Structure formats: C-alpha cells, structure tokens
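Protein chains in written order, with the numbering used here: chain E, 3 to 303; chain B, 3 to 84.
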C-alpha cells in the first residue's frame, strides 16, 4: 500500500527528549529551528516531498515555483502542528485555543440518542482538538493507527484521558472492530479518517481534485445500520500560532437513493465533495505524504 | 442448525451478490485469500448480524475471533448458545 504508516518520526528516546525540552522551553523557540529541520527533511525524504509537490502542482494548479515553495510551507506547517501536539503532551494545553463546538452542533449531534460517526481526514491537526476541546455530552472514541511507538500512545492516552476520550488503535488482529461495534451500539461518538483505504472491497473510486482516487465507504454502511448521525469534521490551523478552527458539516445524501451499496457510494461522494471544498481553501494543510491518487489493484471497487 | 439460512443471511448482510448459499461450504474460511476474503468491515457486519438475529453479543474479542472463522463454526456456536 502506498501510504503513510501512521507513525510519528523519531524513536522513544528522541520523543522523550523532545518532551523534556518542551516542558522547559517556550515552543516559539522551537518554531525558530523548524525551517532548518524542514530543509534537511526535504532533502532526506525527497520521495515524500515529491508527492506533496505533485499534489500542489497537478491537483491544486500551483505554478512550478509555487509548488516548490508550497511544499516547503506544507512541511513547515506539518512540523509546527506536530510540535503543538508534543507541547500539549508536555502539559501546555492551555496555550492553545480551538473554539468550542457551536452549541447548535453539540445539541444536534452530541446530545441525541443516536451514535455519531465523525469522519475526518489527514488534513489540519485533528488530534489537537481531542486534547483541547472540553467535555462533550458523548464519549468520544478515536480510531487511529497502532503503528506509533508505545511512548506516543502513552502520551496520547494521557492527554486524551482527561477529556473522556478513548483511543482505539487499529490492529492487525481486528480487535478494534469489536471495540467499534461496542462504541456504535452504545451510541457513543467515534471519529476516523475518511481518506485511508484498507485492502478489501469496501472502497470506491471518486473524482477528487480532478483525478480519481480511492476512498473507503464501508463505515457508512455500518453507520446507517445503527442509525448513526454522520458528520465531516476537520480541525484546521490558522495563521495565528496556538489557534485552530473547527469545520463541521453533516454528510448528507438523497434519502430516495435505494440500495446499500448505492447509499454507501453516495455518502462517500458527499464526503469527498466536502473534503475537496475544504482542501481547496486550505491547500497547504494536506498531510498525505504519498501518491494519494495511485490506485492499487487490491483496493479497486 | 440450518446453515443455508445463516449463509443466506450473511450474503444479504454483506451484500455478496455474486454468491449463493450453496457456493459457501460450511468450513470455508471467511477471512484470508484462501477463503471468502472478508475484511474488517465484514467482521463488523457479522457482529451486527449475530447480535440482531441471534442475540449473540461477544465481549471477548479473542473468543469471537475463534468463532468467526467459518459458517460451520458460527452455526455450532449459535446452536450451543440457543
């Protein structure tokens, strides 16, 4: 699979060292060093940088030079967002502001007896909302790759635990499936990335930024079965340090569409349309560092 | 237990239009390339099916994994837990 493995760079030792530094040093000092780290990284990981350049040049219509500069800025933003997460792990979550969810949104989706499926993407900095947002009326479960080091998982669990948020690591033995079943049945909220394709037959092709790409649709079938509300939710960085904004939009389809597969496809299309709109407005916050539009044989629809 | 009925329910729940109950042998593996090639969402669909149709609710993932291996194994478990 041509995909990022969901693993944050650096081993336990480096991540532990970074955490200790961030406990004592203002993060803005760390920000000053990020451009140098990014330049090194762009040279050392040219393939990943190339995937972003190609996305900006061919999918977002940047000029050649604009795509080069955009690739640098994309990596700089990504490193900033990553440092922000570590800064939260280091105990500085009060420095950040993510506007609380609109009261209407909370009333409409978090205070109903239905389960809630929140579909995010690898854009912006979704994870930080989990730490910074206050308590929600529903328990929030976050489906995430289990590829991270134990250290990272510990950081995440500690930071999330205080807000009644639980991490469900995706694992090869499918134990996450049983947890997902419990979560949806118990009418809790679950969030997952809608832009990660797993091998299997629950994926469909959709035109995204002018070219076909594969997106998963299986979760929409399950969500419908449990009568879950389905929303797209993204946390996007702003020009201001320490400040993020929330984007929420319900994923709706024509109720007249019949057939499970047709409805799952329609939900997938609706999600892709929302994602396209958001990423066109925030082109530099795309953090899928691989050829997203490359379609593998074992994931065809 | 009538495994044909269970197979029909699985085909319906998982939308396996290309299969008939007769195509699925009782001991055909549900997961993996040598079997029916079910994926994780299929597993979730199976859990929903067993809970809604037979009132079976798994609390132990490892127990569930040892049962969701073939239609025959599932049928035996349903029969034993009637």
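The beta-carbon is built from N, C-alpha and C at its ideal position, and this holds for glycine as well. Predicted model, so just to flag it, every value in this text is computed and none were measured.
Secondary structure at residue 245(E): strand, using DSSP grouped into helix, strand and coil. Taking CB atoms only, residue 18(B) has no neighbour in chain E less than 7 Å away.
Under the 7 Å criterion on CB atoms, residue 71(B) is classed as non-interfacial with respect to chain E.
Residue environment for residue 47(B): buried (at least 16 other C-beta atoms within 10 angstroms of its C-beta). Proximity of chain E to residue 31(B) at the Cβ level (cut-off 9 Å) is not reached, the minimal Cβ distance being about 14 Å. Interface annotation, residue 122(E): not in contact with chain B, CB-CB separation never under 7 Å. Contact check between the stretch 80-98 of chain E and the stretch 118-129 of chain E: three or more CB pairs, one atom from each, fall below 8 Å, which counts as touching. Using a Cβ-Cβ cut-off of 7 Å, residue 260(E) does not count as an interface residue toward chain B, since no Cβ of chain B sits closer than that to its own. Put simply, the backbone Cα of residue 59(E) is about 5 Å away from that of residue 69(E).
Going by beta carbons, residue 235(E) and residue 122(E) fall inside the 7 Å limit. Contact note: residue 177(E) reaches chain B through 63, using a C-beta cutoff of 7 Å and chain order. Residue 96(E): not part of any beta strand (DSSP E); DSSP gives it neither H nor E. CA-CA distance, residue 86(E) to residue 79(B), rounds to 49 Å.
For residue 62(B) and residue 112(E), the gap between their C-alpha atoms comes out near 28 Å. Using a Cβ-Cβ cut-off of 7 Å, residue 82(B) does not count as an interface residue toward chain E, since no Cβ of chain E sits closer than that to its own. In terms of Cβ geometry, residue 286(E) and residue 75(E) form a close pair [threshold 7 Å].
A direct Cα-to-Cα measurement between residue 291(E) and residue 72(E) gives close to 14 Å. Counting only residues of its own chain and dropping the five nearest sequence neighbours on each side, residue 244(E) has a CB closer than 8 Å to the CB of 86, 97, 98 and 99.
One thing to note: residue 124(E) has its Cβ within 7 Å of the Cβ of residue 197(E). Residue 265(E) and residue 31(B) have their C-alpha atoms roughly 29 Å apart.
At a Cβ-Cβ threshold of 7 Å, residue 17(B) and residue 263(E) count as neighbours. Within chain B, the residues 46 have their CB atoms less than 8 Å from the CB of residue 182(E), given in chain order. Per DSSP, residue 231(E) is not a residue of any alpha helix (DSSP H); the beta strand (DSSP E) it occupies stretches across 231-239. Nearest Cα to residue 82(E) within the set 289(E), 294(E) and 225(E): 289(E).
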